[in-house]
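In our numbering, the protein residues as written are 262 to 389.
Laid out in structure tokens, this is it:
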């Protein structure tokens, strides 16, 4: 029983260190998502609550519009969509609040273009 408690404590400590380390290191979070019409790589720098800068590169498909949104299903949170400005062909940048708290979020990228509209979604771990 003591071993089980010690193992559980170790797992909790490791998870806390991982989350704290990500917050301190402030490494960008990179997500690559492929759909049937588009493939996009999203970089969230820094991946934290509050205002963030999100750069998205569309690597497959010809997108002319892009918007981002985030949902935290476990907590019932949903953020309004952020429109991204196209800085150059295939490169979009959005700025604003996307995450209200730390945890696992579903990040959705809604792309539009000549091939039609498609929404790509991936999970992201966000720390304070």
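For every residue, glycine included, the Cβ atom is placed at its ideal position computed from N, Cα and C.
Same chain, Cβ closer than 7 Å to residue i, five either side skipped, listed in chain order
i	result
residue 389	284, 309, 310 and 363
Distance, residue j Cα to residue i Cα
i	j	result
residue 322	residue 292	17 Å
residue 390	residue 290	Summary: the structure shown does not reach residue 390, with the chain confined to residues 262 through 389, and so no result is reported for it.
residue 339	residue 356	17 Å
residue 333	residue 319	24 Å
residue 383	residue 298	16 Å
residue 345	residue 367	18 Å
residue 386	residue 369	14 Å
Cut-off 6 Å between Cβ atoms - residues of its own chain near residue i, not counting five sequence neighbours on either side
i	result
residue 371	328 and 380
residue 342	328 and 330
Exposure label - residue i; buried when at least 16 CB within 10 Å
i	result
residue 317	buried
Top-ranked residue by Cα proximity to residue i, from the options
i	options	result
residue 314	330, 297, 375 and 337	330
residue 365	336, 347, 294 and 303	336
Spatial neighbours of residue i in its chain, beta-carbon cut-off 8 Å, leaving aside the 5 residues before and after
i	result
residue 376	298, 299, 322 and 323
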